[in-house]
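If you read the protein sequences in the order shown, they are chains A and B.
The first sequence lines up with residues 3 to 160 when you count with my numbering.
The second sequence lines up with residues 1154 to 1222 when you count with my numbering.
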Amino acid sequence: MKSLKMLPYSWKVVGWVLLSLCVLLFSVCFRAIAHELFWTSYKPDAFGAGWASLVVELLFCIAPILIAFSQEREEDERISVFRQQALVRTVILYVIIIILSALSNWILSHLLQDKDTFVHIMVIKKYFTSLPAFILYYLLIFKVSLWSDNKKLLRDEE
Amino acid sequence: MKNNIRVERARVRMSQQELAEKAGVIRQTIAAIEQGRFNPSTVLALKIAHIFGLTVEQLFELEESDWNK
């Protein structure tokens, strides 16, 4: 069985740079993005809501895909097994997150009096339950699993 | 699954890194196989056996617990 073709390792570095830019831009333009996404009355600031939201969305989609579909620095069949295990665990985690998100919508809508705070939380939740977020959870679980196993190997070798 | 890879490496005075390079995997994979934490694919098992000039059956041995999986 042929293994899946993946991008060279250098694309992983590109992906991480783009993801860092995305997080930085999201942090700086958060209020603008939040208000634009929820169509509340908003006075544009110097950044302008339109392009910031578009760039963040694009970077948030492209960067995790580049990272996830690039090879590790050293790649072999053991790494592939960890990828498969991480994917299964991510699906389980993602389902739990979706369920919690749905439950929290009702709770938050009743608890929060300030509309702006509610909108801000909804924007953050939108990104935490998106497909790129699923890829980021997968990357986190994959990296932690690999690091943990390598640490156990080192300990058992001593 | 048990294996004699560590013994065979010592017999031919080969390091894990050298075996890994010959088999086309990383050193941690060889270490994981030796410790029984990872079962190699058929291809990798055949490669390792070929490197030592042995058969797969001479290198790897099924345990009772493998039948219960």
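For every residue, glycine included, the Cβ atom is placed at its ideal position computed from N, Cα and C.
Review point. Hey, out of A:66, A:148 and A:107, whose CA is closest to residue 162 (chain A)'s CA?
Key: Because chain A spans 3 through 160 in this model, residue 162 (chain A) falls outside it and cannot be assessed.
Check your understanding: For chain A, is any of its Cβ atoms less than 8 angstroms away from the one on residue 1168 (chain B)?
Key -> Here residue 1168 (chain B) corresponds to residue number 15 of the second sequence, with the count starting at 1. Residue 1168 (chain B) does not count as touching chain A.
Practice item. Determine, using beta carbons only, whether residue 89 (chain A) comes closer than 8 angstroms to chain B. Key: Against the first sequence, residue 89 (chain A) aligns to sequence position 87. Residue 89 (chain A) does not count as touching chain B.
Practice item. Provide the residue span of the alpha helix (DSSP H) that contains residue 101 (chain A), from first to last. Key: Your numbering for residue 101 (chain A) matches position 99 in the first sequence. Run containing residue 101 (chain A): 79-113, per the alpha helix (DSSP H) assignment.
Point to revise | residue 139 (chain A) - containing alpha helix (DSSP H), residue span | key: In the first sequence, the residue the question calls residue 139 (chain A) occupies position 137. Start and end: 133-159.
Point to revise | Whole-angstrom C-beta distance between residue 61 (chain A) and residue 23 (chain A), which should lie under 8 angstroms | key: Along the first sequence, read from residue 1 onward, the residue named residue 23 (chain A) stands at position 21. Along the first sequence, read from residue 1 onward, the residue named residue 61 (chain A) stands at position 59. Residue 23 (chain A) to residue 61 (chain A), Cβ: 6 angstroms. Contact.
Check your understanding: List, in order along the chain, the chain B residues whose C-beta lies closer than 8 angstroms to that of residue 155 (chain A)?
Key -> On the first sequence, position 153 is the one that residue 155 (chain A) refers to. Per Cβ cutoff of 8 angstroms: 1181, 1184, 1185, 1188 and 1190.
**Study point:** Contact check, residue 11 (chain A) vs residue 88 (chain A), beta carbons under 8 angstroms
**Key:** Counting from one through the first sequence, the residue named residue 11 (chain A) turns up at place 9. Counting from one through the first sequence, the residue named residue 88 (chain A) turns up at place 86. No, the pair does not count as a contact, with Cβ atoms beyond the cut-off.
Review point. Which parts of the segment 1168-1201 of chain B are runs of the alpha helix (DSSP H), unbroken and 4 residues or longer, counting only runs that do not cross its ends?
Key: 1169-1176 and 1180-1187
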